[in-house]
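Undergrad:
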Amino acid sequence: MWTELSAEATAAAREREPAAVAGEIGGIPGRQPMPAEVASVEPGSIAEELGFQPGDRLVSINGVRPRDLIDVQFLCGDEDLALEVLDPDGTRHLVELEKDADEGLGLGFTEALFDGLRQCNNHCPFCFIDQQPPGRRDSLYLKDDDYRLSFLYGSYLTLTNLTAADWQRIEQQRLSPLYVSVHATDPELRSRLLINPRAALLPQQLSWFAERQLQIHAQVVVCPGLNDGDALERTLRDLAGFAAGDWPAVLSAAVVPVGLTRFRPAGDSLVPVDRACARAVIERLEPLQREFAGRLGSRFAWLSDEWYLIAGLPLPPRATYEDLPQQENGVGSIRAFLEQLDAATTALPAAVTPARHYSWVVGKLVAEALQPVVKRLNAVAGLTLTLHGLPSPYWGQDQVVTGLLTGSDLLDGVADRPLGQALLLPRVMLRQGEPVFLDDMTLDELSARLPVPVHLLEGADDLVSVCLGNPVGAA
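If you count the sequence shown from 1, you need to add 1 to reach the numbering used here.
(1) Identify whether residue 314 lies in helix, strand or coil by the three-state DSSP scheme.
(2) For residue 307, count neighbouring C-beta atoms within 10 Å of its own C-beta (all shown protein chains included) and say buried if the count is 16 or more, exposed if not.
(3) State buried or exposed for residue 384, treating a residue as buried only when at least 16 other CB atoms are found within 10 Å of its CB.
(4) Is residue 464 close to the ligand ATP? I mean its beta-carbon at under 7 Å from any heavy atom of the ligand.
(5) Between which residues of its own chain and residue 329 is the CB-CB distance below 8 Å, once the five residues before and five after are set aside?
(6) Apart from the five residues on each side of it in sequence, which residues of its chain come closer than 7 Å, Cβ to Cβ, to residue 321?
(7) In angstroms, rounded to a whole number, what distance separates the CA positions of residue 196 and residue 38?
(8) Report the start-end ranges of each alpha helix (DSSP H) in the segment 275–354 that is 4 residues or longer and not cut off at the edges.
(9) Is residue 290 closer than 8 Å to residue 252 when the C-beta atoms are compared?
(10) Are at least three pairs of beta-carbons, each pair with one atom in the segment 437–452 and one in the segment 360–370, less than 8 Å apart?
(11) Give me the Cα-Cα distance between residue 67 and residue 213, rounded to the nearest whole angstrom.
(12) Which of helix, strand or coil does DSSP assign to residue 446?
(13) By Cβ distance, which residues of its chain are closer than 7 Å to residue 191, with the 5 residues on each side in sequence left out?
(14) Starting from residue 188, trace the alpha helix (DSSP H) in both directions and tell me its first and last residue.
(15) Just the C-alpha distance for residue 454 and residue 360, rounded to the nearest angstrom, thanks.
(16) If you run the structure through DSSP and keep just helix, strand and coil, what is residue 404?
(17) Leaving out five residues before and five after residue 79 in sequence, what residues of the same chain have Cβ atoms less than 6 Å from its Cβ?
(18) Let me know the beta strand (DSSP E) ranges lying completely inside the segment 33–69, each 3 residues or longer, listed in chain order.
(19) Does the distance from the C-beta atom of residue 103 to that of residue 120 stay below 8 Å?
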């Protein structure tokens with residue numbers, strides 16, 4: 002039931018909040034969590050039955066202000082709940098309910114963090130955030146290094162900005178696995194790479210995870226001449242030392258090449274990965290994979306697809322990626338897409354009517370690997386699919402992955418080219434949850450400047466479905 006709270010009841014509820022929960026732990030130390038604004042209400046859920054609507058704001062659960070979505074999940078594990086809620090007009094209510102312990106409320110929120118984003122305190126010269134032009138939307142310059150977003154969404158963090166209270170919360174709430182940017186396990190080298198003395202604490206931090214049976218996935222961004230060669234091998238062997246047993250602390254390691262743009266600071270001494278470097282890294286890592294497979298029962302460390310594309314070598318077979326633990330990091334993503342395409346094209350028709358012609362845009366680096374996809378679909382009579390592998394003048398990169406293509410790259414790249422009836426764009430080009438490219442151009446602005454409608458692709462099934470006849474309209 003909804004009950005409007007008196008000023009006295011509101012004050013009493015706030016007095017019951019533990020000081021730590023009120024803002025001394027979480028995002029920005031000392032910041033009071035803001036009420037969590039409701040963005041959506043799941044049909045048929047408890048929240049819908051109670052009358053929740055978008056725009057309502059959740060203040061507290063059983064007298065405790067949640068700091069983030071993790072707190073909401075933990076606090077809603079109780080069977081008896083008292084929710085303090087604000088209407089859009091500011092009226093305060095108390096909502097009391099009983100439910101099963103494993104039953105959720107069915108609420109979606111506008112933000113994952115209610116007490117602010119924990120930002121990075123490192124100064125890595127290879128940081129992509131610092132390699133962007135000025136004057137774009139503010140969110141592009143936020144250096145996320147928040148352990149809660151790592152747990153919720155798999156974003157990578159460095160562990161250098163955690164307080165004692167953060168470590169305590171990770172242990173108490175079992176926030177595992179986390180995703181950690183390692184770059185190097187040698188303390189002195191890692192400190193130099195991150196330009197932060199706290200980066201040297203990584204060996205002790207890995208031991209901390211192991212002692213508490215908490216787990217991480219690791220990432221190494223390779224900067225040629227800095228942390229490749231022997232340093233890379235040492236890093237992977239050190240990480241593999243935490244990968245054995247029934248409860249390994251390090252579940253996997255991804256090795257990705259540094260990405261450099263034309264906007265990076267002058268004199269940073271960084272050099273891009275070229276074909277010779279890519280082949281050297283592959284030759285160094287593949288024997289380690291075989292060693293790890295024999296010793297750990299898993300290859301454990303994987304190279305992102307970019308290494309093989311830059312090296313001009315075939316991608317490894319799909320089976321070598323095992324259960325794709327680092328797919329979101331570009332490890333095996335092309336092989337996974339081709340596997341999905343195989344499943345989606347097991348029964349292609351001989352022909353389609355009426356005849357149709359679509360254009361499909363991807364990054365130039367991945368275009369050659371996707372040519373078999375185009376060839377298979379173009380074998381269907383009446384269907385023409387043209388693949389455009391585009392460079393990125395915006396970033397100053399000729400060989401670029403699809404997710405880094407900007408709106409201006411698309412307009413420049415398809416200008417004066419025959420596009421057929423529609424342009425097919427992978428959704429990975431857009432900011433998650435928003436129709437905006439990395440250069441701040443909106444999808445609507447792009448569509449208005451193109452002579453054909455745009456259709457967003459979610460994956461292989463969507464590509465095949467569109468090509469075989471689902472209506473194509475403006476995105």
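Ideal Cβ positions, reconstructed from N, Cα and C, are used throughout, including at glycine.
TA: Taking the definition as stated:
(1) Translated into positions along the sequence shown, residue 314 becomes position 313. Three-state DSSP puts residue 314 in coil, outside helix and strand.
(2) Position 306 of the sequence shown, counting from 1, holds the residue named residue 307. The residue in question, residue 307, is buried, as its Cβ has 16 or more Cβ neighbours within 10 Å.
(3) For the purposes of this step, residue 384 is taken as residue 383 along the sequence shown, with counting starting at 1. Looking at its Cβ environment, which holds 16 or more other Cβ atoms inside 10 Å, residue 384 is buried.
(4) Of the ligands one can find in the structure shown there are none, so the ligand ATP has no counterpart to examine.
(5) Residue mapping note: residue 329 aligns to position 328 of the sequence shown, counting from 1. If we look at residue 329 and ignore the five residues flanking it on each side, its Cβ neighbours are 155.
(6) Taking the first residue of the sequence shown as position 1, residue 321 is located at position 320. If we look at residue 321 and ignore the five residues flanking it on each side, its Cβ neighbours are 300.
(7) Stepping through the sequence shown from its first residue, residue 196 is reached at position 195. Stepping through the sequence shown from its first residue, residue 38 is reached at position 37. Each residue's Cα considered, the two are about 37 Å apart.
(8) 276–297, 306–312, 334–345
(9) Here residue 252 corresponds to residue number 251 of the sequence shown, with the count starting at 1. Here residue 290 corresponds to residue number 289 of the sequence shown, with the count starting at 1. No. Outside cutoff.
(10) no
(11) As a working note, residue 67 is residue 66 in the sequence shown. As a working note, residue 213 is residue 212 in the sequence shown. Their backbone Cα atoms lie some 25 Å apart in a straight line.
(12) Within the sequence shown, residue 446 is the residue found at index 445, counting from 1. If DSSP states are grouped into helix, strand and coil, residue 446 belongs with the helices.
(13) Position 190 of the sequence shown holds residue 191. Result list for residue 191: 184, 185, 200, 201, 203, in chain order.
(14) Start at 1 with the first residue of the sequence shown, and residue 188 comes out as number 187. 188–195 is the extent of the alpha helix (DSSP H) around residue 188.
(15) Locating residue 454 in the sequence shown gives position 453, counting from the first residue. Locating residue 360 in the sequence shown gives position 359, counting from the first residue. So the alpha carbons of these two residues sit roughly 11 Å apart.
(16) As a working mapping, residue 404 is identified with position 403 in the sequence shown. In this structure, residue 404 counts as helix in the three-state DSSP scheme.
(17) Locating residue 79 in the sequence shown gives position 78, where the first residue counts as 1. No residues qualify anywhere along the chain.
(18) 37–42, 58–62
(19) For the purposes of this step, residue 103 is taken as the residue at position 102 of the sequence shown. For the purposes of this step, residue 120 is taken as the residue at position 119 of the sequence shown. In this structure, residue 120 does not lie closer than 8 Å to residue 103 by Cβ.
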